[in-house]
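Taking it in order: structure first as C-alpha cells, then the write-up.
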Amino acid sequence: MLRLLQLELQKLLLNKTSKVLIFISFILPFFVILLSSLKINVFGFFTLELGELGVFNFPIIWHLTTFFSSQFKFFFAIVVVSMIGNEYSNKTLKQNLIDGLSKKEFILSKFYTIVFFSFVSTILIGLISLCIGLYYSSYNEFGIIIQEINFLLAYFVKLVGFFSLCLFLGMLVKRSAFALAFLFVLYIVEWIVFWGSYEILGNTESAFKVKRFMPLESMYKLIDQPFQRVAMTKFPEKAELVYDYAVHWHEIVIVLGWTALFIFLSYSLLKKRDL
Amino acid sequence: MEPILTINNLTKKFGYLTAVKDLSFTINKGNVYGILGPNGSGKSTTLGIVLNVVNKTSGDFKWFDGNTTTHDALKKVGAIIERPNFYPYMTAYQNLKLVCKIKGVSPNKIDEKLEVVGLLERKNSKFRTYSLGMKQRLAIASALLNDPEILILDEPTNGLDPQGIHQIRQIIKDIAQQGTTILLASHLLDEVEKVCSHVVVLRKGVKLYSGRVDEMISSHGFFELKCNNQKALLDVIEKDPVFGKVKTNDDLVTAFLNEPLSSEDFNKQLFEKGIVLTHLVQRKESLEEQFLQLTDNN
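In order, the protein sequences belong to chains P and D.
For the record, in the first sequence the residue sitting at position 134 is 134 according to the UniProt record's numbering, with numbers rising by one throughout.
For the record, in the second sequence the residue sitting at position 239 is 239 according to the UniProt record's numbering, with numbers rising by one throughout.
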C-alpha cells in the first residue's frame, strides 16, 4: 500500500501544475480560515472580527470550517481528473502496466492518493478549527468541543466520495477537460431526476428525497449550508429558520456506497479496455 | 530448454477483424527471437496481450513455469513498445526511479544502466527535452533496470535516423551477447537477420513459420558463378543432379542446390573438367528472399 501511494505521490509532486493545485485546494482554505479568525482593522474606521459573531463557538465551528474548506475541493478535482488524463495522453498507463503494475494496483494507487489527501486535509481542518475554537469559543467544556465533531468525518467522506467520482469520470472519458464537463452534466442530470420525480410524486419534498440519493446531491447534503444555522442562533425565536443540518448516518452510507461503486466501475473499465 | 513464454492458441478479435488467429509458439531461454511480419500482421497485438495491456479473446499464454501472475512475471521482463512512454515533466533519473518502484528493484542500478545507453550525462534533464533517439535509449535503459530474463522490443528503431538506428542495434547486440533472451518484433528484415537466431513469421494474424532462421525454407543455398566459357559451365551444371533450378543473367549464373555441396569440392570438380571460374560465391537466401518466398507460397 505504501509502495502504491509513494508511486502516485512521486507522479503528482514532481508536476508543477498539480503541486500548485494541491496547495490551493488544501493549504489555501487553511489560511483563509486562519485569516478570517484574526481581528482585522479596516483602515482604522472599525475592526472586523468574525469571532465576535459567535461563529467560532463550539460546536458550530466544525460545521462552518468543514463547509467552507470543502468548497475548495474543486481544485483537487482538477488534479484527480488530470492524473488519469495524463496517464492516457502520455501513454504512461500502458508503460506502467508493462513494467509490472497490475490494473488493480493502478486504480488502488490513485484511490490511496485520494484517501491520503482527504485525510491530510481533514486533519489540517480539524486542527485549525480546534485551535481557533479554543481561542474564541465561549464554551470550552470537553463535551461541547467534541459535540458535532462528526462534521469532520462527513468532510472526509465527502472529499473521498467526490474525488472517487472524478476518478471514475477521468477513467471514463480519458481526458481531463471532458471529465470536468461531465461533472457539470451530472449536476444537470440530477436536476432532471429531481424534476422527473416531482412530476411523478407531486411534491418538492419527496422529489428532494429522491435527489438525495444522487451522487452530487448526496455529497452536498453531508454538510448542509451553515448560514441558516448562524441566523438561527441569532434569532432563536424564528421557527421558520429551523432546518435539519446534522450529519446523518444514512447520508454517509449513501456516499460511501457511491464511492465503492465508482472505484469498482473505474477498475472494471480499465480491465475491459485494450490500451 | 527452459521456456520463458508459452503461447497456446491465442486469438484476438477487434470486432469483425481477427488480429491474431490461433497463434502458438514458445520462447526458450537464451535465444534471440524475431517476430516478423508486415504492418498489421498482429505483432504488436500479440506482444500487447502477453504484456497485459490488450485483453485476449481466447487461448492462453504463460510466463515462465506458469505459476506467477502476469503482472508479477512482467517485473522480470523488460519491454519497449513502439514509442517510448515516460512522464515528460520528470528527469530521466526520476522516471527510472519510478520504474524501479513499480518493478520493486533497488534504484542503485540506474546510473549503471544509463551508462550502458550513453545517457549518464543527461540524467538530470527533463524527459521532454530529449530527442527521439535519446528517448528510445532511455526506454532501453528502463527495460534493463531489473536485469530482465527476457527483453521485448517492438520496432525499436522506428522513426530513428541512421545513426540512432546504428546505436540501438549495437546496444541490442551487446545485450544479446551477454546471454539475455530477446524477442524483437520488426518488419525490417535485415534488422532481424542481423541479430536473431530464431523467427516467428506472421501474416494477417496467422503464423506461417516458427523456428531457426536458417531452417526457414528447406534450402541448401545457391552458387553465383561467372566463367569465360559459360556454355561449358552450363552443360556441367545442368547434367549434375545436385543442382536444381539454374538462372542465367548476362554473364552471371545462379545455380540452386538440391543437396549440400561445398564450394571447395565444386570448384575442384569444375577445375578437373577444365572449367576455370572467374567468380564463385556460395550464399543462402537472405531473410528477405526467404520471407517473400514463404509469404508467396502460402
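Yeah, the Cβ is synthetic: ideal placement off N, Cα and C, and Gly gets one too.
Keep in mind the model is a prediction, meaning the values are calculated, not measured.
Helix, strand or coil: which one does DSSP assign to residue i?
| i | result |
| --- | --- |
| threonine 46 of chain D | helix |
| leucine 241 of chain P | helix |
| alanine 246 of chain P | coil |
| phenylalanine 243 of chain D | strand |
| tyrosine 33 of chain D | strand |
| valine 253 of chain D | strand |
| leucine 35 of chain P | helix |
| serine 58 of chain D | strand |
| valine 77 of chain D | strand |
| lysine 123 of chain D | coil |
| threonine 91 of chain D | strand |
| threonine 68 of chain D | coil |
| threonine 157 of chain D | coil |
Taking residue i as part of the beta strand (DSSP E), name the residues at either end of that continuous run.
| i | result |
| --- | --- |
| phenylalanine 227 of chain D | Sequence inspection shows cysteine at residue 227 of chain D; the phenylalanine mentioned does not correspond to that position. Segment 222 to 227, the beta strand (DSSP E) holding cysteine 227 of chain D. |
| alanine 185 of chain D | 181 to 186 |
| proline 3 of chain D | 3 to 14 |
| glutamine 167 of chain D | Per DSSP, glutamine 167 of chain D belongs to no beta strand (DSSP E); it is in the alpha helix (DSSP H), 162 to 177. |
| serine 210 of chain D | 206 to 212 |
| glutamine 282 of chain D | 277 to 283 |
| asparagine 28 of chain D | 17 to 28 |
| arginine 203 of chain D | 198 to 203 |
| leucine 153 of chain D | 150 to 154 |
Check the C-beta distance from residue i over to residue j and give it rounded, since I have them as a contact under 8 Å.
| i | j | result |
| --- | --- | --- |
| leucine 202 of chain D | leucine 36 of chain D | 7 Å |
| glutamate 240 of chain P | leucine 222 of chain P | Not quite, the Cβ-Cβ distance comes to about 24 Å (not below 8 Å), so this is no contact. |
| serine 25 of chain P | phenylalanine 75 of chain P | 4 Å |
| glutamate 217 of chain P | lysine 211 of chain P | 5 Å |
| isoleucine 78 of chain P | leucine 167 of chain P | 12 Å between Cβ atoms; not a contact. |
| glycine 170 of chain P | valine 115 of chain P | No, glycine 170 of chain P and valine 115 of chain P are not in contact; Cβ-Cβ is about 16 Å, not under 8 Å. |
| arginine 83 of chain D | lysine 91 of chain P | 7 Å |
| methionine 90 of chain D | lysine 126 of chain D | 7 Å |
| phenylalanine 61 of chain D | valine 50 of chain D | 5 Å |
| leucine 98 of chain D | leucine 7 of chain P | 7 Å |
| alanine 141 of chain D | valine 105 of chain D | The pair is not a contact, with the Cβ atoms about 13 Å apart (cut-off 8 Å). |
| glycine 274 of chain D | asparagine 258 of chain D | That pair is no contact at about 24 Å. |
| serine 121 of chain P | isoleucine 61 of chain P | The Cβ separation is near 17 Å, so there is no contact. |
| serine 197 of chain P | alanine 181 of chain P | About 25 Å; that fails the 8 Å criterion. |
Can you find the residues in the same chain that come closer than 8 Å, C-beta to C-beta, to residue i, ignoring five residues on each side of it along the sequence?
| i | result |
| --- | --- |
| asparagine 52 of chain D | Thr70, His71 and Leu74 |
| histidine 198 of chain D | Asn31, Val32, Tyr33, Gly34, Ser210, Gly211, Arg212 and Val213 |
| glutamate 238 of chain D | Val246 |
| isoleucine 263 of chain P | Ile107, Phe111, Ser164, Leu167 and Phe168 |
| leucine 145 of chain D | Gly78, Leu96, Val99, Cys100, Lys103, Val105, Lys109, Ile110 and Lys113 |
Apart from the five residues just before and just after residue i, which ones in its own chain have a Cβ nearer than 7 Å to its Cβ?
| i | result |
| --- | --- |
| isoleucine 123 of chain P | none |
| glutamine 282 of chain D | Gly221, Phe223 and Ser263 |
| glutamate 2 of chain D | Asn28 and Lys29 |
| lysine 73 of chain P | Ser25, Leu159 and Phe162 |
| isoleucine 144 of chain P | Phe58 and Pro59 |
| lysine 12 of chain D | Ala19, Val20, Thr45, Ile49, Val54, Lys56 and Thr57 |
| leucine 204 of chain P | What sits at residue 204 of chain P in the sequence shown is threonine, not leucine. Taken in chain order, the residues that qualify are Tyr198. |
| tyrosine 155 of chain P | Thr66, Ser70, Thr122, Ile125 and Ile223 |
Taking 6 Å as the limit between beta carbons, can you name the residues of its chain near residue i, skipping five residues before and five after?
| i | result |
| --- | --- |
| valine 253 of chain D | Leu225 |
| valine 206 of chain D | Lys21 |
| serine 210 of chain D | Phe25 and Val200 |
| leucine 64 of chain P | Val55 and Pro226 |
| threonine 180 of chain D | Leu151 |
| proline 215 of chain P | Leu165 and Trp258 |
From which residue to which residue does the alpha helix (DSSP H) around residue i run?
| i | result |
| --- | --- |
| valine 189 of chain P | 176 to 201 |
| glycine 133 of chain D | 132 to 144 |
| glutamate 112 of chain D | 110 to 116 |
| aspartate 265 of chain D | 263 to 272 |
| asparagine 86 of chain P | 73 to 89 |
| proline 38 of chain D | No alpha helix (DSSP H) contains proline 38 of chain D, which DSSP labels as neither H nor E. |
| valine 192 of chain D | 189 to 195 |
| phenylalanine 162 of chain P | 150 to 173 |
| valine 55 of chain P | Looking at the DSSP string, valine 55 of chain P is not in any alpha helix (DSSP H), and its letter there is neither H nor E. |
| methionine 232 of chain P | 227 to 234 |
| isoleucine 3 of chain P | Residue identity differs from the one stated: residue 3 of chain P is arginine in this sequence, not isoleucine. Residues 2 to 13. |
| threonine 204 of chain P | 204 to 211 |
| valine 20 of chain P | 16 to 22 |
| isoleucine 61 of chain P | 60 to 70 |
| leucine 222 of chain P | 215 to 222 |
Is residue i near the ligand GTP - that is, is its Cβ less than 8 Å away from at least one heavy atom of it?
| i | result |
| --- | --- |
| serine 121 of chain P | Judged by which ligands are present, the structure shown has none, so any question about the ligand GTP falls away. |
Original post:
Residue ranges of each beta strand (DSSP E) run of no fewer than 3 residues wholly in the region 100 to 148 of chain P, ordered along the chain?
Top reply: none
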